[in-house]
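Residue numbers (the working numbering): 4 to 161.
Glycine residues also receive a C-beta, built at the ideal position from the N, C-alpha and C atoms.
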């Protein structure tokens with residue numbers, strides 16, 4: 004019982020220490036619900052058995068499936084629980100500088116930019132640094148830090 008309380012207290016304290024990220028100069032996510040989207044469902048750690056509505060900006064859609072995503076890519080993921088309620092929103096941005104309160108992640112972050120992972124409780128809440136998004140999940144993603152080739156979401160013109 005003491006161990007469970009200690010772990011829970013550590014999680015609460017860590018969450019309280021997350022720094023707010025300065026969004027100045029970052030790819031905007033305003034109006035993201037109008038972007039191209041895809042839906043992923045099922046039990047996927049660390050999200051659990053939920054629905055993820057994932058939105059990709061125009062820059063992300065230009066990805067060819069090879070190499071790194073272009074700088075300026077923004078991906079927004081709404082995590083929806085089994086009751087249909089929003090759990091939180093996760094953001095990924097491919098940039099070449101570290102904003103105040105944030106840090107870049109990725110294999111080539113020091114040379115060609117990296118991913119900034121942030122999250123918020125909802126679209127009106129402040130974004131805070133995503134603590135383990137890269138190290139515990141996206142490091143193994145097959146498409147340069149993402150699990151989808153967002154460039155393939157566009158339907159070919161006939």
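For this session: Report, in whole angstroms, the separation of the C-beta atoms of residue 1 and residue 24, which I expect to be a contact under 8 angstroms.
Result: Examination of residue 1 is not possible in this model, given that the chain is present from 4 through 161 alone.
Problem set entry | 6 angstroms Cβ shell around residue 146 - same chain, five flanking residues per side excluded | For residue 146, where only same-chain residues beyond five positions count, the Cβ hits under 6 angstroms are 152.
Problem set entry | Contact belief for residue 57 with residue 40 at Cβ below 8 angstroms, rounded distance in angstroms | With 8 angstroms as the limit, residue 57 and residue 40 qualify as a contact, their Cβ atoms being about 6 angstroms apart.
Problem set entry | Contact under 8 angstroms by Cβ, residue 74 with residue 104 | Result no, Cβ atoms of residue 74 and residue 104 do not sit closer than 8 angstroms.
Problem set entry | Where residue 77 sits in the DSSP three-state scheme | Residue state, collapsed to three classes: strand.
Exercise. Thinking C-alpha only, which one of 43, 137, 129 and 109 is nearest residue 81?
Worked result: If we check each option's Cα against that of residue 81, 43 comes out closest.
Exercise. In terms of alpha-carbon separation, which member of 88, 61 and 99 lies closest to residue 156?
Worked result: The residue from 88, 61 and 99 with its alpha-carbon nearest to that of residue 156 is 61.
Exercise. How would you label residue 47, buried or exposed, when you count the other beta carbons within 10 angstroms and need 16 or more for buried?
Worked result: Burial call: exposed.
Exercise. For the beta strand (DSSP E) that contains residue 42, what are its first and last residues?
Worked result: If you look at residue 42, you'll find it in the beta strand (DSSP E) that goes 39-47.
Exercise. Can you give the Cα-Cα distance for residue 129 and residue 69, rounded to whole angstroms?
Worked result: Between residue 129 and residue 69, the C-alpha separation is close to 33 angstroms.
Problem set entry | Top-ranked residue by Cα proximity to residue 87, from 30, 53 and 107 | With distances taken between Cα atoms, residue 87 lies closest to 53.
Exercise. Rounded to whole angstroms, how far is the Cβ of residue 79 from the Cβ of residue 98, which I believe are closer than 8 angstroms?
Worked result: Wrong, their Cβ atoms sit about 15 angstroms apart, outside the cutoff.
Problem set entry | Backbone secondary structure at residue 56 - three-state DSSP | In the structure shown, residue 56 sits in a strand (DSSP, three-state: E or B).
Exercise. Can you tell which of 127, 63 and 96 has its C-alpha closest to the C-alpha of residue 137?
Worked result: Of 127, 63 and 96, the residue nearest in Cα terms is 96.
Problem set entry | Proximity of residue 94 and residue 134 at Cβ, strictly below 8 angstroms | Result no, Cβ atoms of residue 94 and residue 134 do not sit closer than 8 angstroms.
Problem set entry | Beta-ladder partner(s) of residue 100, from DSSP | According to DSSP, residue pairing for residue 100 in a beta bridge does not occur.
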